[in-house]
Amino acid sequence: MADGNKAGGNRFRYGLWRGGPDPLAPPYDVRAAVDEVGADVLSGGSLREALRDLLRRGPSGRGGLDDLSARARRMRLEAMRRGSLDGAVTRSQALLDQALAAERDELAGRDDDAARFAEAILDSLPRSTARAVEELSRYEWASEQARQTYQQILDGLRQEVLEQRFSGLRDALGATANDPAAQQRLARMMSDLNDLLGRHARGEDTQDAFAAFMREHGEFFPEQPGSVEELIDALARRAAAGEQLMRSLSASQRAELAGLMDQALAGSGLSGQMAELTANLRALRPDLPWDRQSRVRGQEPLGYGEAAGALGEIADLDELIEQLAQEHPGATLDDVDVEAVERNLGRAAADDVRRLRELERELRRQGWVTRGADGLTLSPKALRRLGGTALRRVFADLAEGRRGQHDLRDAGAAGEVTGASRLWAYGDEQPLDVVRTVTRAVTRRGAGVPVTLQVDDFEVAETERRASAAVALCVDLSFSMMADGRWGPMKQTALALSHLVATRFPQDALQIVGFSRVAGVLSQQELAAVEPDFVQGTNLQHALRLAARHLHRHPGFEPVVLIITDGEPTAHLDTDGEAVFSWPPMHETVQATVAEVDGLTRSGATLNFFMLGEDPGLRRFVDAVARRNGGRVFTPEAEELGRYVVSDYLRARRGRRG
């Protein structure tokens, strides 16, 4: 905030903004949104679902698609309870009864044969309202009041039908479209409109023709469409609502209303033009719900325009609900019609969609997410942030955990100090040479306190080169890991270890192997997105075979094999490479798995198991493998898994010297 004062020149005073929400602030904290997704993933949730839920519930749980969908469904329910659809028929029936009553009263006061003959005609009228109205079109009314009431049936229905199709009818023609001059003007507009739509359907260039049409007939279309496509969309939605009304009536009601509409439009010469217009619009927009039936129930009878309006609103809300669901492959918020949101749900709802769109675009623009064939996924940048979060959680547990074998005070030390030093570089693990670091700072700035350090001042003590580690982390992806609440801790642990290796021990070679009925190597991105495998089988043999290949590709590295599992081996690969499953485990499965253990043992690798749960079969198996291989067995609680695995990796990579 700045205040200016002209008296002594331009002087400004700056302070905090106090006028409500910061008008220059972005709609959402993008990093906080990424962290929300990360929290879901680290809790064991699906990455795809976490990204989807971010937009569904909205950042910080507000203004999301679910709120908008719930409002749209409530409005749809209200529209369905608005009234009964047959109001146009019942209104016509009521007017017909009034006209006949007035006519009978007039005839009763006359004492002649013509009056008695007229009464006989009225007595023989069909029970159908539409057919009775048709037969009375040639009747000579004795009562002027009755004649006017009868005329209201046709004039009122004609007016309603035309106003439903053309929202600007009253403004264009005045209060009524029933006088001959107005009907001629309307017929000319509809003829020009059908000609324009026909040319558009044939693929002709209609830009100039559209402009000329709007100059002459624009007052019929207060929506002010900017193109032929926008004009077609507005008209087709209204026409489809009218067709839905007919489909939603019972067969007898539909026949009554169709007959009444034919008579109302035929008398004005508009029937043919209206039928041609409906056919053109249906051909141009076949995607609209022309033949859908809707169940609208209520006590209040709705006129034709009200009923068609309710059905049109329901159709709009149905389409909007589908857009907000974002269920189809490749869906984005750009698919949501913001104008339809504003039209149906209001300005605030449209602003929520715009903010969500901006968030989605910012996530992509800033490189946090990428879009593939399966939708949004986290980018490497976001995965690094996710891994950092996982590692911070693990280190927080380490700080609170027991000392001893999990002590990290020498974590990252790289061997015995040689006495030499060099400038620090990113990724260095060596201890800082404090004396030389401070000396460089004093030399640069001169004597005096305080001493200000810069990055270029830091030196590290040279140490003896230690062999890098080749690490294979084998993680159980079987469904039991999810069912028993171990999926989140497993994923957090693997991401934390991956981030630790990438940032603090880049010279190490880490491979993550996931296994269920078969095993496979997982990238960090695949690890974040991996979901439980709903097939039976724990193929540790295949996982150890892939781990052995990884270690063989890095000769001279300290071999580290870490295994996280909650079940004994129940699957193996046969000689043809096919996975074989059996429960209880068959002898061949155990034999094939032990053969992989022996191969790793001969190569100098130690296998350390992190056993989750209390499976007796797994306990017997890992104890036997530990005795055979010389490795260790840990039985952490799920929430302590990260602390155990990271600590053991740090211990194991120091090697077994001495």
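Our numbering puts the last residue of the sequence shown at 647; the count rises by one with no breaks. Virtual Cβ for every residue (Gly too), placed ideally from N, Cα, C.
Exercise. Pairing CB atoms from the region 621 to 631 with CB atoms from the region 575 to 592, are three or more of them under 8 Å?
Worked result: no
Exercise. Under a three-way DSSP split, which group does D522 fall into?
Worked result: Within the sequence shown, residue 522 is the residue found at index 533, counting from 1. Here D522 sits in strand by DSSP.
For this session: Any chance you could list the beta strand (DSSP E) runs of at least 3 consecutive residues sitting entirely within the region 142 to 230, in chain order?
Result: none
For this session: Just grab the DSSP bridge partners of V622 for me.
Result: If you number the sequence shown from 1, residue 622 lands on position 633. BP columns for V622 point to F598.
Problem set entry | Check whether T554 and F523 have beta carbons under 9 Å apart | Here residue 554 corresponds to residue number 565 of the sequence shown, with the count starting at 1. Here residue 523 corresponds to residue number 534 of the sequence shown, with the count starting at 1. It is not a contact, given that the beta carbons lie outside the stated cut-off.
Problem set entry | Start-to-end residues for the beta strand (DSSP E) that takes in G509 | Counted from its first residue, the sequence shown places residue 509 at position 520. Taken as a continuous stretch (DSSP letters only), the beta strand (DSSP E) holding G509 covers A508 to L511.
For this session: Sort D565, L551, P605 and A560 by Cα distance to S636 and report the nearest one.
Result: Counting from one through the sequence shown, the residue named residue 636 turns up at place 647. S636 has its Cα closest to that of L551, out of D565, L551, P605 and A560.
Problem set entry | Close-in-space but distant-in-sequence residues of the same chain around V122 (CB under 8 Å, 5 per side omitted) | As a working mapping, residue 122 is identified with position 133 in the sequence shown. Same-chain partners within the cutoff: S81, L85, Y139, I142, L143, G248, L249 and Q252.
Exercise. If we count Cβ pairs, one from each stretch, closer than 8 Å, do we get three or more for the region 57 to 68 versus the region 331 to 338?
Worked result: yes
For this session: Whole angstroms is fine: what's the gap from T428's alpha carbon to Q496's?
Result: In the sequence shown, residue 428 corresponds to position 439, counting from 1. In the sequence shown, residue 496 corresponds to position 507, counting from 1. For T428 and Q496, the distance between alpha carbons rounds to 30 Å.
Problem set entry | Residues bridged to T366 (per DSSP) | Taking the first residue of the sequence shown as 1, we reach residue 366 at position 377. For T366, which the question treats as bridged, DSSP gives the partners T359.
Exercise. If we ignore side chains and look at the alpha-carbon of each, how far apart do D222 and P278 end up?
Worked result: Residue 222 sits at position 233 when you count from the first residue of the sequence shown. Residue 278 sits at position 289 when you count from the first residue of the sequence shown. Each residue's alpha carbon lies about 13 Å from the other.
For this session: Can you give me the Cβ contacts of P342 inside the same chain, cut-off strictly under 6 Å, excluding the 5 residues immediately before and after it?
Result: Locating residue 342 in the sequence shown gives position 353, where the first residue counts as 1. Reading off the sequence, residue 342 comes out as Val, not Pro. The answer, listed in chain order, is V325, V327 and V330.
For this session: Could you tell me whether the Cβ atoms of Y638 and A458 are closer together than 9 Å?
Result: Against the sequence shown, residue 638 aligns to sequence position 649. Against the sequence shown, residue 458 aligns to sequence position 469. Cβ distance < 9 Å, so Y638 and A458 count as in contact.
Exercise. Can the beta-carbon of E205 be found less than 9 Å from the beta-carbon of M179?
Worked result: Here residue 205 is taken as the residue at index 216 of the sequence shown, counted from 1. Here residue 179 is taken as the residue at index 190 of the sequence shown, counted from 1. No, they are not a contact pair.
Exercise. Can you tell me where the beta strand (DSSP E) with F570 in it begins and where it stops?
Worked result: Working through the sequence shown from its first residue, we reach residue 570 at position 581. First-last of the beta strand (DSSP E) with F570: A568 to F570.
Problem set entry | Under 9 Å between C-beta atoms of G619 and H488 | Here the question's residue 619 lines up with position 630 in the sequence shown. Here the question's residue 488 lines up with position 499 in the sequence shown. Not closer than 9 Å, so no.
Exercise. By Cβ distance, which residues of its chain are closer than 8 Å to D94, with the 5 residues on each side in sequence left out?
Worked result: Here residue 94 refers to the residue found at position 105 of the sequence shown. Taken in chain order, the residues that qualify are S132.
For this session: Kindly indicate the opening and closing residues of the alpha helix (DSSP H) around V423.
Result: As a first step, residue 423 must be located in the sequence shown, where it is residue number 434. Run containing V423: V423 to R434, per the alpha helix (DSSP H) assignment.
For this session: Identify, in the order they occur along the chain, each residue of the same chain with its Cβ nearer than 6 Å to the Cβ of L511, setting aside the five sequence neighbours on each side.
Result: The sequence position of residue 511 within the sequence shown is 522, counting from 1. So the list reads I501 and G503, once near-sequence residues are dropped.
For this session: Round the Cβ separation of Q153 and A297 to the nearest angstrom and send it over; I've been treating them as touching at under 8 Å.
Result: Translated into the one-based positions of the sequence shown, residue 153 becomes position 164. Translated into the one-based positions of the sequence shown, residue 297 becomes position 308. About 5 Å; that satisfies the 8 Å criterion.
Exercise. Is there contact here, the region 211 to 230 with the region 269 to 286, by at least three beta-carbon pairs under 8 Å?
Worked result: yes
Problem set entry | Euclidean distance between Cα positions of T564 and S571 | What you label residue 564 is simply residue 575 of the sequence shown in a count that begins at 1. What you label residue 571 is simply residue 582 of the sequence shown in a count that begins at 1. Rounded to whole angstroms, T564 to S571 spans 16 Å at the Cα level.
Exercise. From this set, G631, R506 and V358, which residue's C-alpha is nearest L484's C-alpha?
Worked result: Within the sequence shown, residue 484 is the residue found at index 495, counting from 1. Of the listed residues, the one whose Cα sits closest to L484 is G631.
Exercise. So, using beta-carbon positions, are R434 and S410 closer together than 9 Å?
Worked result: Here the question's residue 434 lines up with position 445 in the sequence shown. Here the question's residue 410 lines up with position 421 in the sequence shown. It is not a contact, given that the beta carbons lie outside the stated cut-off.
For this session: List the whole-angstrom C-beta distance separating V431 from V444, where the pair is believed to meet the contact cut-off of C-beta under 8 Å.
Result: For the purposes of this step, residue 431 is identified with residue 442 of the sequence shown, where counting begins at 1. For the purposes of this step, residue 444 is identified with residue 455 of the sequence shown, where counting begins at 1. About 16 Å separates the two Cβ atoms, so there is no contact after all.
Problem set entry | Minimum C-alpha distance to F202 - residue among L89, N183 and A190 | By 1-based counting over the sequence shown, the position of residue 202 is 213. Residue N183 is the option with its Cα nearest to F202.
Exercise. Who pairs with Q500 in a beta bridge, going by DSSP?
Worked result: Taking the sequence shown and counting its residues from 1, one reaches residue 500 at position 511. Answer by DSSP bridge pairing, in chain order: A461.
Exercise. Touching or not, the region 526 to 545 and the region 589 to 609, by the rule of three or more beta carbon pairs under 8 Å?
Worked result: yes
Exercise. What residues match up with H561 in a beta bridge as DSSP calls it?
Worked result: If you number the sequence shown from 1, residue 561 lands on position 572. Paired residues: V569.
For this session: Using DSSP bridges, identify the partner residues of T554.
Result: Here residue 554 is taken as the residue at index 565 of the sequence shown, counted from 1. In DSSP, T554 forms a bridge with M600.
Exercise. Below 9 Å between beta carbons: does that hold for E232 and D305?
Worked result: The residue labelled residue 232 in the question sits at position 243 within the sequence shown. The residue labelled residue 305 in the question sits at position 316 within the sequence shown. For E232 and D305, no; Cβs fall outside 9 Å.
For this session: Compare the Cα-Cα distances from A91 to each of V23, Q481 and E108 and report the closest residue.
Result: One-based indexing of the sequence shown puts residue 91 at position 102. Checking every option, the nearest Cα to that of A91 belongs to E108.
Problem set entry | Chain-order list of residues whose beta-carbon lies under 8 Å from that of G98 (same chain, five-residue window excluded) | By one-based count along the sequence shown, residue 98 stands at place 109. Within the same chain, G98 has no close Cβ partners at all.
Problem set entry | Beta-carbon contacts of A594 that lie in its chain and below 7 Å, excluding the five residues immediately before and after | Residue numbering aside, residue 594 sits at position 605 when the sequence shown is read from its first letter. The residues are L540, P548 and V550.
Exercise. Among G477, T527 and T559, which has the Cα closest to the Cα of G516?
Worked result: On the sequence shown, residue 516 is found 527 positions in, with the first residue counted as 1. Strictly speaking, residue 516 in this sequence is Leu, with Gly absent from that position. Per the Cα distances, G477.
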